[in-house]
Structure formats: structure tokens, C-alpha cells
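Engineer: These protein sequence lines are chains W and E, in that order. Under the UniProt record's numbering, think of the first position of the first sequence as 1, with each following residue one higher. Under the UniProt record's numbering, think of the first position of the second sequence as 1, with each following residue one higher. The C-beta atom is built at its ideal place from N, Cα and C for all residues, glycine as well.
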Amino acid sequence: MSVLELDDVRLAVPHPSGDRTLLRGVSLSVAPGEALGLVGESGSGKSMTLRTVLRTEPRGAHVAGRVLLDGRDVRGLGPAELRRVRAESLAMISQDPRAALNPLLRVSRFLVEGLCDARGDDERTATRRARDLLAQVGIADVDRCMNSYPHQLSGGMLQRVVIAAAVAGSPRLLLADEPTTALDVTTQSEVMAILDEQRRERGMSMIFVTHDLELASAVCDRIAVMYAGEIVEISTPERLHAAPRHPYTRLLLDSRPSLTARAPVLPVIPGRPVAAYEVGGGCAFAGRCPWSEPGCTDGEIPLVRDGDRAVRCAREEELAGELAHATGTEATA
Amino acid sequence: MNDDVKGTDGGVIGRAGGGSRRTAGAGGSGGSGAKGPGGAGGSGGNVIEISGLCKRFVTGRGSGRRTVDALDDVSLTVADGSCLAVVGESGSGKSTLARILVGLEAADAGEVVLAGRPVARRPRRAERRARARDIQMVFQDPNGSLNRRRTAGSAISEVLAAHHRVTGAEARRRVEELLEQVGLRPAHARSLPGELSGGQRQRVAIARALAAEPRVLVLDEAVAALDVSVQAQVLNLLSEIRRDRRLTYLFITHDLSVVRQVSEEVVVMRQGRIVERGSTTQVLDDPQHPYTRLLRDSAPRPGWRPVRAIGRDAAEVEA
Ligand SMILES: Nc1ncnc2c1ncn2[C@@H]1O[C@H](COP(=O)(O)OP(=O)(O)O)[C@@H](O)[C@H]1O
Ligand code: SF4
Ligand SMILES: [Mg+2]
Numbered sequence: 001m002s003v004l005e006l007d008d009v010r011l012a013v014p015h016p017s018g019d020r021t022l023l024r025g026v027s028l029s030v031a032p033g034e035a036l037g038l039v040g041e042s043g044s045g046k047s048m049t050l051r052t053v054l055r056t057e058p059r060g061a062h063v064a065g066r067v068l069l070d071g072r073d074v075r076g077l078g079p080a081e082l083r084r085v086r087a088e089s090l091a092m093i094s095q096d097p098r099a100a101l102n103p104l105l106r107v108s109r110f111l112v113e114g115l116c117d118a119r120g121d122d123e124r125t126a127t128r129r130a131r132d133l134l135a136q137v138g139i140a141d142v143d144r145c146m147n148s149y150p151h152q153l154s155g156g157m158l159q160r161v162v163i164a165a166a167v168a169g170s171p172r173l174l175l176a177d178e179p180t181t182a183l184d185v186t187t188q189s190e191v192m193a194i195l196d197e198q199r200r201e202r203g204m205s206m207i208f209v210t211h212d213l214e215l216a217s218a219v220c221d222r223i224a225v226m227y228a229g230e231i232v233e234i235s236t237p238e239r240l241h242a243a244p245r246h247p248y249t250r251l252l253l254d255s256r257p258s259l260t261a262r263a264p265v266l267p268v269i270p271g272r273p274v275a276a277y278e279v280g281g282g283c284a285f286a287g288r289c290p291w292s293e294p295g296c297t298d299g300e301i302p303l304v305r306d307g308d309r310a311v312r313c314a315r316e317e318e319l320a321g322e323l324a325h326a327t328g329t330e331a332t333a
Numbered sequence: 001m002n003d004d005v006k007g008t009d010g011g012v013i014g015r016a017g018g019g020s021r022r023t024a025g026a027g028g029s030g031g032s033g034a035k036g037p038g039g040a041g042g043s044g045g046n047v048i049e050i051s052g053l054c055k056r057f058v059t060g061r062g063s064g065r066r067t068v069d070a071l072d073d074v075s076l077t078v079a080d081g082s083c084l085a086v087v088g089e090s091g092s093g094k095s096t097l098a099r100i101l102v103g104l105e106a107a108d109a110g111e112v113v114l115a116g117r118p119v120a121r122r123p124r125r126a127e128r129r130a131r132a133r134d135i136q137m138v139f140q141d142p143n144g145s146l147n148r149r150r151t152a153g154s155a156i157s158e159v160l161a162a163h164h165r166v167t168g169a170e171a172r173r174r175v176e177e178l179l180e181q182v183g184l185r186p187a188h189a190r191s192l193p194g195e196l197s198g199g200q201r202q203r204v205a206i207a208r209a210l211a212a213e214p215r216v217l218v219l220d221e222a223v224a225a226l227d228v229s230v231q232a233q234v235l236n237l238l239s240e241i242r243r244d245r246r247l248t249y250l251f252i253t254h255d256l257s258v259v260r261q262v263s264e265e266v267v268v269m270r271q272g273r274i275v276e277r278g279s280t281t282q283v284l285d286d287p288q289h290p291y292t293r294l295l296r297d298s299a300p301r302p303g304w305r306p307v308r309a310i311g312r313d314a315a316e317v318e319a
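(1) Using a cut-off of 8 Å between C-beta atoms, extract the partners of residue 330/E located in chain W.
(2) Beta carbon of Glu293/W: closer than 7 Å to some heavy atom of ligand 2?
(3) For a test of the three-state rule: what should DSSP assign to Cys54/E, helix, strand or coil?
(4) Say whether the stretch 224-243 of chain E touches the stretch 153-166 of chain E, bearing in mind that this needs 3 or more beta-carbon pairs closer than 8 Å, one atom from each stretch.
(5) To the nearest angstrom, how far is the alpha carbon of Asn102/W from that of Gly114/W?
(6) Kindly identify the DSSP beta-bridge partner or partners of Asn102/W.
(7) Quick one: give me the first and last residue of the alpha helix (DSSP H) that His163/E is part of.
(8) With distance defined between alpha-carbon atoms, name the residue in Ser27/W, Val3/W, Gly33/W, Arg10/W nearest to Leu69/W.
(9) Do you know how far the Cα of Ser217/W is from the Cα of Glu201/W?
(10) Can you name the residues of chain W whose CB is closer than 9 Å to the CB of Val261/E?
(11) I want to verify the contact list: residues of chain E whose CB lies under 8 Å from the CB of Asp196/W, in sequence order.
(12) Please list, in chain order, the chain W residues whose beta carbon lies closer than 7 Å to that of Arg301/E.
(13) Between the alpha carbons of Ser63/E and Ser95/E, how many angstroms are there, rounded?
(14) Measure how close the beta-carbons of Ala155/E and Glu176/E come, nearest whole angstrom, since I'm counting them as under 8 Å.
(15) Taking CB distances under 8 Å as the criterion, tell me whether Pro103/W reaches chain E.
(16) Return yes when the Cβ of Ala164/W is within less than 8 Å of the Cβ of residue 334/W, no when it is not.
(17) Is the separation between the beta-carbon of Ala309/E and that of Glu238/W shorter than 8 Å?
(18) Would Asp227/E pass as an interface residue toward chain W - the criterion being a Cβ-Cβ separation below 8 Å?
(19) Using a Cβ-Cβ cut-off of 6 Å (strictly less than) and excluding sequence neighbours within five positions of Tyr291/E, which residues of its own chain qualify?
(20) Any idea what DSSP makes of Cys83/E, helix, strand or coil?
(21) So Gly199/E contacts chain W; which residues on that side make the cut at Cβ distance below 8 Å?
(22) Counting pairs of beta carbons, one from the stretch 143-155 of chain W and one from the stretch 69-88 of chain W, are three or more of them closer than 8 Å?
(23) Answer with yes or no whether the minimum CB distance from Ser63/E to chain W is below 8 Å.
(24) Check whether the Cβ atoms of Val161/W and Pro97/W sit closer than 8 Å, and answer yes or no.
(25) Asn236/E touches chain W at which residues, Cβ-Cβ below 7 Å?
(26) Are the Cβ atoms of Gln261/E and Leu266/W separated by less than 8 Å?
(27) Indicate whether at least one CB of chain W lies closer than 8 Å to the CB of Val218/E.
(28) Does Gln159/W get closer than 8 Å to chain B when you measure Cβ to Cβ?
(29) Between Val204/E and Val87/E, how many whole angstroms is the CB-CB distance? I'm expecting something under 8 Å.
(30) At a CB-CB cut-off below 8 Å, which residues of chain E make contact with Met206/W?
(31) Would you mind sorting Phe285/W into buried or exposed? The rule is 16 or more other CB atoms within 10 Å of its CB.
(32) Would you mind working out which of Leu323/W, Glu230/W, Arg312/W sits nearest Leu253/W, comparing C-alpha positions?
Laid out in C-alpha cells, this is it:
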């Protein structure tokens, strides 16, 4: 059974000019021990998807669809049960570690209190465990870190403290939302390596939200690409790179400058990303897609599954061969 | 002043010549190699020459007092019409370098020569204004340079009036021209920053900088906050503008893929010092300094895996 399953999750928030749709039917599943990357540009609905799992969506939001955590629908849980599920099964790591820590408490207090609450450890046991955890997340000077206040630590150190707290209870599912976006690249590499290692060692599942397809590819078993509040493609990182099946994925791969070769002109995706509430009928990407045809704007285009991959494009079969090759600059410039 | 108003692209380039040559080589051993491969400049001089730049910041007081050498003896030159990328992690001194160059900050020591003219460390107003015309800056967050209550058109005309005394119908025409050059529509002149997307705001910031008709654009993480698809558009736009207007760029970024795409030469900064410099191909394909190698090896790319370096956190504790 999946650790997490989202079934046609839709979300709208109230707005003066009528409700605004933010998620247009998100379906995905995460297997035990699996890491799923959720990739897309800002505003595509990645974080909002995580919030439907944590039940921290904006006040007044209308949510439809099912969110099954180990088979139980978290959407129907009462406050007490919800608290228990959050404490036992879920852990969240966000972009800003400072938000997770109390600025007035030393790291030791933060970790020890968390361990005492979650596991009923006594103070001495919790302290020993906290020190072990910090060592495991690669902190060399454990004493110094334990005695520091958050403002005395760098972002990379703090994020490791947050990871230590998140993995402490070996929850079923880690939700990581751009955990390294605010960090320098060398620190990002280090923090990702630690997160990856801790997750695997403890057999935890993870949803990893990022705008960086390469970063997701390095640590995830499968990648889901989001656009305008829905998933347009799911695939393994290898196949996503070798043969993307959705035009948006193809162009996303091509428009990123390469570390090794300079393009005379970067292939671009014309126009700008659209918001979920701006989408009319048919394909959300039609306005920017070089392969769009009149048929693309008719009716809803389903996410068609094929083994462990899935794609939402009316011309999927026809385009399969063409999309396996990088677009030349002339095709899309 | 009037000459500048009429300063077509040709006129702007024309000013490069003699002045630069007079001081060419002032960057001395610190020079990053004057003539960039593919450098578009016809006159061959250096538009920017920086030597021995130092800047120390002191923060806190009493026992919490700390000093940071944001710049420690930094020298570099940028050839006319070329693009020099400055890379390094946050806190390495990139922004301080940019801010001193455009006159937002004063150096403690060292010399800046812009288009052949030495720049006073604490310039007078007129001098500062002249410099603002020659060198313009684009920031990561266009909200920093755009007023929330000011339309794109008025933000651009403000610069036209300040630097070139262009007003009225002529200003409106120039605003439309500039908007078009950065891929926006004339109607965008009436938009407030809040009504524009991140990419569009960054285009307005670029149009505003171009309104001064500068010779140099200093871009500080100017594409860092943009989504991939929009970033590609803005990178192409910047390359096109540089070619068409024969501008010189100092392009600050933490992203080595962006360096590869935009620059002929690159300097790598760490803790206020330049640790490596050279042509972009040289530095990225065959980095000599261990820190440059670390930067390159940390960049996600196909087939990449994150690695855990042992004992790096000692340097990260700021207390
Ligand atoms: N106004 C300031 N006051 C105190 N310290 C500063 C100030 N500006 C920069 N610094 C410090 O100088 C160093 C270099 O910073 P900066 O030039 O912003 O680096 P970068 O742009 O490469 O991230 C950092 O340690 C930074 O904290
Ligand atoms: S459905 Fe049509 S418009 Fe949409 S991605 Fe496929 S080809 Fe492009
Ligand atoms: Mg900076």
C-alpha cells in the first residue's frame, strides 16, 4: 500500500472576484521508502499540494478529493487525531529553517524538548539522542551547536538541525519544500547528501519540492512535473531526461543553461507561466506550446498512466519521438 | 550634457577610445586579461579598471565586535564591450564590489577607473550623477529599485529626465522604445510593479537602467529570482542588448551555468579575495583553484550526486 495517495485533489481559495482555483486535480502516490520530486515553476501549486497533506491550506480554502496517508483520509481527521498523525507520521522541512526554530531557545532546548514530547524520553536520554542526531547530520562541533542560539548559526547549520529534528522520530513521510533554495551551492550539496542519507537509512518516504529539475533528479526515484495547478508528467529521472513525454518538460530541460556548453541562443518557452485560475478549457500549456493544435483546447486532457509514468498531453503518442530530442533554438526562439 | 541626450549608440561607443587607452594596464598584474575573446568592443580599452580595492565592515560592539574584510585587495579590469562574470558564495564580497563600482558604497582603499576617468572615493554630487549615467545597476529583486506606487513608464521617464533632460512627448516616445527593446508592450508603461510578473518587473528594471544610456551595466544576481523559463528569456535579452548597444557587463551570479552562458571571462571570489580568474572556458573546464573545483562539483547537473564534505561546518559557525 502507498504511504501517501492523493486522489484528484482540488483546491480553491475565496477571492473578491469569485473563488480562485489553485489546484486542478492533483493525483499522485508515494510508495514506502520512495522519494518523489515535485518540480515546477513558482506558483504551479507545489507547496499548496504539500499543504493539503499537512492540512495547513489557507483559511477558507475549499478542498475536494482524497488525501490518504497509510490508507486513512487525513481530510476527515478530527483535531486530536490530526495532531497525532502530524507528530507520528509526518515531518516538514521548509526553505527557511529559522521559521522552525524558536529564536530565544538554544539548539539543545529545541531538540531535547522535541524529543521529550514526541517520544516521552527523559531529559538525559533525550540529550544523548540529540547529540547523536547532530553528529549524524554532519555537525562536527556538537557542543558548540547545542549551545548556540539560532542567530549564531549559518543557514546550512540550521537546516541540518531541522533535518535532525525531522528524522528523529523516523516518520513515515518527509515533506521537504525547497529545503536548500536559500543555501549556497556547496552547502546545498552537503545538506542534500545528508537528507538523502538519513531518509534512506530510516526507510522514510519523501516528497521533495523544488524548482530545480537536476537537484530533484539526483535524490528522487520519480519526478512529477507540475504546471498551473496540475501534474503534467510523472517519470523516473532517467527517462524524464532521455525522453520526456510532455512538451513543457522538454522545454524546461532545454531552457536551463548548461554548465558545460554555451548555447548561441537559449531555447525559450514563449510567454509566462499561467496560474491555475487563468486556465480555460483544454490543455493549460496550449498558449505556450509550440506543438499545440486546435484539438488541444477541447475538453479536459486526462493524465494517462503507463506503468510508473504518466503524461497529460493530447498529442502524447504522436510527439513521443520528437520530444526525445532537444529542441533547437530555431524551433522555439 | 546635450551631447549625451543625442548620444546614439555610436556616440556612446565613441567616447571609449582615448580615455581608456590612457590608463590601460592600470589593473596591472591584477588585470583579468584586457581583451576578452569575442569582446565586442572595437576600441580595445578597458571600461572598468579596479586596483587594490579594500573594504572592511565593522559590526556589533564591545565583545560582540566583529570585522569582515568584504573586499581584500581586489583588482580587475573589464574590456570594453565584454562581459565579466563574478562568482562566489554569499558573503564573498560580490555585492560590495558592485556597490562600490556604482558609487553606493565607498572603498577604504584602492582605485576605480571608469572609462578612463579615476573615480573619487567620496565623489561630489555632480560627479556621482555623471557616474550614474555611465554605469547602471540591476538588482536581484526589482522591487528594490522600483517604487511600488510608480508606473513602469514613470520609473523610466524619471531616469530620462534626470540624466538626459528628456521630457514630454519625446520622453513618452523613448519610454515606448525602451519597453519594446526589453520585450514589453507600450501599454506596460501604465502598469504598477504589483501588476507585473517577476520577469516583467526585471525587464522594467533593465529598461530603466538602459534609459540612462550607460556604457556599463552591473547586474547583481539579476536573474537569480526568475523561474527557469523566464530566466532563459531574460538571459537572451541581456545578450542581445549587449551586442546591439555594445555595452559592457559586470555580471554577478552564484550560478556557473549562467556564467557559461553570458560571460567571456570570470573571476571567482572567496572571502573578499579573487581566488581564480580567466576565460570562462578555462575556468569552468579546467579550474585550478580547489574552491573553484568545489563550486563546480557542487552544481546539480545530469548524473550529479550530492556529496558530503567532512568537517566543513566549523567555518559556518558565526558566533
Ligand atoms: N553594510 C554592511 N554592514 C556590515 N557588513 C556588511 C555590509 N555589507 C556587506 N557586509 C559583509 O561583507 C561581506 C561581503 O558581503 P557581500 O558583498 O554582500 O557579499 P556577496 O554579495 O558576495 O554575497 C559579508 O560578510 C557581509 O556580511
Ligand atoms: S495538449 Fe497540445 S498544447 Fe498541450 S502540451 Fe500537448 S501538444 Fe502542447
Ligand atoms: Mg550579493
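Structural biologist: On the basis of the coordinates in this document:
(1) The requested residue 330/E does not occur in the structure, where chain E is confined to residues 1 to 319.
(2) Counting from one through the first sequence, the residue named residue 293/W turns up at place 293. Under cutoff, so the answer is yes.
(3) For the purposes of this step, residue 54/E is taken as the residue at position 54 of the second sequence. Residue state, collapsed to three classes: strand.
(4) no
(5) To locate residue 102/W, count along the first sequence from 1; it is residue 102. To locate residue 114/W, count along the first sequence from 1; it is residue 114. Computed Cα separation, rounded: 12 Å.
(6) The residue given as residue 102/W occupies position 102 in the first sequence. None; Asn102/W has no bridge partner.
(7) As a first step, residue 163/E must be located in the second sequence, where it is residue number 163. Unbroken alpha helix (DSSP H) run through His163/E: 152-164.
(8) The residue given as residue 69/W occupies position 69 in the first sequence. When only C-alpha atoms are compared, the closest one is Val3/W.
(9) Here residue 201/W is taken as the residue at index 201 of the first sequence, counted from 1. Here residue 217/W is taken as the residue at index 217 of the first sequence, counted from 1. Roughly 19 Å separates the two Cα atoms.
(10) For the purposes of this step, residue 261/E is identified with residue 261 of the second sequence, where counting begins at 1. The question names Val, yet the displayed sequence has Gln at residue 261/E. Pro257, Ser258, Arg262, Ala263, Leu266, listed in chain order.
(11) Along the first sequence, read from residue 1 onward, the residue named residue 196/W stands at position 196. Chain E residues near Asp196/W: Pro306.
(12) Reading the second sequence from its first residue, position 301 is the one you call residue 301/E. Neighbours of Arg301/E on chain W, chain order: Glu214, Leu259.
(13) Position 63 of the second sequence holds residue 63/E. Position 95 of the second sequence holds residue 95/E. Each residue's Cα considered, the two are about 27 Å apart.
(14) As a working note, residue 155/E is residue 155 in the second sequence. As a working note, residue 176/E is residue 176 in the second sequence. The Cβ separation is near 14 Å, so there is no contact.
(15) Within the first sequence, residue 103/W is the residue found at index 103, counting from 1. Answer no: the Cβ-Cβ gap between Pro103/W and chain E never drops below 8 Å.
(16) Outside the shown range of chain W, which is 1 to 333, sits residue 334/W, and nothing can be said about it.
(17) Indexing the second sequence from 1 puts residue 309/E at position 309. Indexing the first sequence from 1 puts residue 238/W at position 238. No.
(18) Start at 1 with the first residue of the second sequence, and residue 227/E comes out as number 227. Yes - at least one Cβ of chain W is within 8 Å of the one on Asp227/E.
(19) For the purposes of this step, residue 291/E is taken as residue 291 along the second sequence, with counting starting at 1. The answer, listed in chain order, is Arg270, Val275.
(20) For the purposes of this step, residue 83/E is taken as residue 83 along the second sequence, with counting starting at 1. If DSSP states are grouped into helix, strand and coil, Cys83/E belongs with the strands.
(21) As a first step, residue 199/E must be located in the second sequence, where it is residue number 199. What Gly199/E touches in chain W: Arg272.
(22) no
(23) By one-based count along the second sequence, residue 63/E stands at place 63. No, no contact with chain W.
(24) The residue labelled residue 161/W in the question sits at position 161 within the first sequence. The residue labelled residue 97/W in the question sits at position 97 within the first sequence. In this structure, Pro97/W lies closer than 8 Å to Val161/W by Cβ.
(25) Your numbering for residue 236/E matches position 236 in the second sequence. Chain W residues near Asn236/E: Val265, Leu266, Val268.
(26) What you label residue 261/E is simply residue 261 of the second sequence in a count that begins at 1. What you label residue 266/W is simply residue 266 of the first sequence in a count that begins at 1. Taking 8 Å as the Cβ cut-off, Gln261/E and Leu266/W qualify as a contacting pair.
(27) Within the second sequence, the letter at position 218 stands for residue 218/E. Chain W contact via Cβ: absent.
(28) Among the protein chains of the structure shown, namely W and E, there is no chain B.
(29) Position 204 of the second sequence, counted from the first residue, corresponds to residue 204/E. Position 87 of the second sequence, counted from the first residue, corresponds to residue 87/E. Not a contact, Cβ separation roughly 26 Å.
(30) One-based indexing of the first sequence puts residue 206/W at position 206. Ordered by position in chain E, no residue passes the 8 Å Cβ test against Met206/W, which lies about 14 Å from the chain.
(31) Within the first sequence, residue 285/W is the residue found at index 285, counting from 1. Phe285/W is buried by the Cβ-count criterion.
(32) Stepping through the first sequence from its first residue, residue 253/W is reached at position 253. Closest by alpha carbon: Leu323/W.
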